[in-house]
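Residue numbers (the numbering used here): 1 to 334.
Below is one structure, written out as structure tokens; comments come after it.
Written out as structure tokens, the structure reads:
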């Protein structure tokens, strides 16, 4: 015991190993206590009736299985945390990091699911009347053909959808998506559902099969950069070049613009107005949204101040009537 204690102290000097050991410390200690109790069962039970011996042994066996499962879950969690620490998603170029986060997170959840399944099977095998159930659960955890046989069931179907998303990655953690008329960021990807953090901090919970069965928009599939649009309606007398120059000045004055795309176009002509569209890019979806609002506000203020005659208006033209027409509509008094 003294040797193990000193060895653990030396391992803790290394940061990753220290974290791993700290995560496993409690289940390992519990497992060691249960192992000692199981080994000394004859000594511990000597004052108890024979009736309790088998039952306490059974209880110790179940406790050891549960604690071993707990240790396996903690090991999976510690491994996932150590891997994800190396890939930060709060950087500007975080595409690869988000890919790793999604894959590792889904793999950890799938492994945890099968650990729980195996634990349930192992515990059920300790009961004489549940041997058949335990063997079937073990078979379902170990034989792929049996799993495929259950794939038609909804729960297993969700599990396969999660595996598919982990491998193909139509969505990743912190992807900006547009789903069911709402846009936000992927916050959680679980085995059966996905949590989307809406821009106003609401949470949209969507079944994971939605992303394999339904069309949706992923704004950061390959690049976080997004083109934003600002649509304006102006009078035909508007000076297009002056508006284009003002838009360029506005973009140059704000850090929201990533200096990639800036275009002003007349995209349509209506009966009384021209339809102008300004295009600009930001580094990500929220930045582009703020940039659109900023450019729209500045352009409208500038037009109202510098070219008020360029704002949409309704024209009415009055022409003088000749004397003959005037005599018809307005006859002279007798």
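Idealized CB from N, CA, C, for every residue including glycine.
9 Å Cβ cutoff met for residue i and residue j
i, j, result
"residue 219", "residue 226", "yes"
"residue 211", "residue 173", "no"
"residue 237", "residue 306", "no"
"residue 230", "residue 296", "yes"
"residue 268", "residue 189", "no"
"residue 228", "residue 302", "no"
"residue 203", "residue 187", "yes"
"residue 169", "residue 235", "no"
"residue 24", "residue 71", "yes"
"residue 111", "residue 76", "yes"
"residue 115", "residue 69", "yes"
Coarse secondary structure for residue i, derived from DSSP in three states
i, result
"residue 70", "helix"
"residue 178", "strand"
"residue 96", "helix"
"residue 307", "coil"
"residue 193", "strand"
"residue 204", "strand"
"residue 198", "strand"
"residue 21", "helix"
"residue 33", "helix"
"residue 173", "coil"
"residue 329", "A caution first: residue 329 carries a pLDDT of 49, below 50, which makes its placement in the model unreliable, though a value can still be read off. Residue 329: helix per DSSP, three-state reduction."
Same chain, Cβ closer than 8 Å to residue i, neighbours up to 5 away in sequence not counted
i, result
"residue 344", "No answer is possible for residue 344: it lies beyond the span of the chain, which begins at 1 and ends at 334."
"residue 65", "119, 122, 123 and 126"
"residue 109", "162, 190 and 191"
"residue 175", "98, 185, 186, 218, 219, 220 and 221"
"residue 62", "123 and 126"
Own chain residues within Cβ distance below 6 Å of residue i, not counting five before or after
i, result
"residue 265", "277"
"residue 314", "none"
"residue 20", "78"
"residue 26", "none"
"residue 247", "264 and 278"
"residue 30", "67"
Residue of the options minimising C-alpha distance to residue i
i, options, result
"residue 101", "279, 27 and 167", "167"
"residue 86", "281, 176 and 16", "16"
"residue 253", "158, 291 and 30", "291"
"residue 223", "244, 182, 240 and 171", "171"
"residue 18", "304, 261 and 82", "82"
"residue 282", "258, 73 and 107", "258"
"residue 22", "183, 74 and 239", "74"
"residue 286", "56, 213, 63 and 178", "178"
"residue 300", "244, 199 and 256", "244"
"residue 201", "240, 183 and 304", "183"
"residue 107", "96, 88 and 80", "80"
Other residues of its chain near residue i: CB distance less than 7 Å, five sequence neighbours each side excluded
i, result
"residue 298", "250"
"residue 151", "Bear in mind that a pLDDT of 48 at residue 151, under 50, signals an unreliable position, so the model cannot answer this."
"residue 261", "227, 279, 280 and 281"
"residue 58", "126"
Contiguous beta strand (DSSP E) assignments of at least 3 residues, all confined to the segment 217-303
226-234, 262-269 and 274-282
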